[in-house]
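>
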Ligand code: AMP
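In the working numbering, the protein residues as written are 996 to 1205.
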């Protein structure tokens, strides 16, 4: 699942994972988890992620090879936020070939204006991970989750400076991959400007067509 930061990849991947039963592999979530450890690598990861820059391809290679070799991935998996560079896309091609998988790419596209609001307005539940947006999907009680009343939190990389860096990294490093997959005939582009339910319906339709 590809798309700029804020395009709704995480939300859609979660829904697809529930519907089709493939595990969701979010490299952003995995890296944030890894960054919680008390090691020099974890500290470095935390800094890189907060700044909005991309983590090195070497770290991503280890992460993706180890996660996709787990038992729950044997029938396939949904990648959310990977690949983000051409080196990662090449790695995925090799990996898919070795695993006997076929790669299908869905790209969710959104205007820059909307991406900025999505990112700066995003709040996440500290307990269940539910995602809200103060502009588009506010919780019933400001600052607290509807599901479990736990406090909501803003991601450290959703502040303005990091958001700008993340969008720049996307334009520079990840956008060229869209062309790479389009040329290979493996890409389906979806208009992300619609509601979560409409985008999900379009994605499901495309998957059912495969
Ligand atoms: P995300 O939650 O997908 O927006 O990812 C959050 C942050 O994790 C990104 O801004 C990067 O710092 C890092 N990250 C996630 N996936 C990748 C990837 N495939 N390659 C490099 N860095 C990544």
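Cβ coordinates follow ideal geometry from the N, Cα and C atoms, glycine included. It should be emphasised that the depicted structure is a prediction, and the values quoted were computed from it without experimental measurement.
1. On the DSSP bridge list, what partners appear for residue 1100?
2. For the beta strand (DSSP E) containing residue 1020, list its first residue and its last residue.
3. Relative to the C-alpha of residue 1052, which residue among 1038, 1065, 1080, 1067 is closest?
4. Can you tell me the Cα-Cα spacing of residue 1040 and residue 1064, whole angstroms?
5. Cβ of residue 1000 versus every heavy atom of the ligand AMP: is any distance shorter than 7 angstroms?
6. Which same chain residues, not among the five before or five after residue 1037, have their C-beta less than 8 angstroms away from its C-beta?
7. Just to confirm, is the Cβ distance from residue 1122 to residue 1140 under 8 angstroms?
8. Given a cut-off of 8 angstroms, decide if residue 1117 and residue 1160 are closer than it, judged by their beta-carbon atoms.
9. Any contact of the stretch 1086–1106 with the stretch 1176–1184, i.e. 3+ C-beta pairs under 8 angstroms?
10. Of the residues 1054, 1148, 1196, 1094, which one's Cα is nearest the Cα of residue 1066?
11. In the structure shown, what three-state DSSP assignment does residue 1038 receive?
12. Considering only the alpha carbon of each residue, which of 1205, 1188, 1111, 1007 lies closest to residue 1155?
Taking the geometry as given:
1. Locating residue 1100 in the chain shown gives position 105, where the first residue counts as 1. Paired residues: 1182.
2. Counting from one through the chain shown, the residue named residue 1020 turns up at place 25. Start and end: 1019–1021.
3. Residue 1052 sits at position 57 when you count from the first residue of the chain shown. That would be 1080, whose Cα lies nearest to the Cα of residue 1052.
4. Along the chain shown, read from residue 1 onward, the residue named residue 1040 stands at position 45. Along the chain shown, read from residue 1 onward, the residue named residue 1064 stands at position 69. Computed Cα separation, rounded: 23 angstroms.
5. As a position in the chain shown, residue 1000 is number 5, starting the count at 1. Yes, the ligand AMP has a heavy atom inside 7 angstroms of this Cβ.
6. Taking the chain shown and counting its residues from 1, the one referred to as residue 1037 is at position 42. Result list for residue 1037: 1029, 1030, 1031, in chain order.
7. By 1-based counting over the chain shown, the position of residue 1122 is 127. By 1-based counting over the chain shown, the position of residue 1140 is 145. Yes, they are a contact pair.
8. Taking the first residue of the chain shown as 1, we reach residue 1160 at position 165. Taking the first residue of the chain shown as 1, we reach residue 1117 at position 122. No, the Cβ-Cβ distance between residue 1160 and residue 1117 is not below 8 angstroms.
9. yes
10. Mapped onto the chain shown, residue 1066 falls at position 71. The shortest Cα separation from residue 1066 among 1054, 1148, 1196, 1094 belongs to 1094.
11. In the chain shown, the residue the question calls residue 1038 occupies position 43. Helix at residue 1038.
12. Mapped onto the chain shown, residue 1155 falls at position 160. Residue 1155 has its Cα closest to that of 1111, out of 1205, 1188, 1111, 1007.
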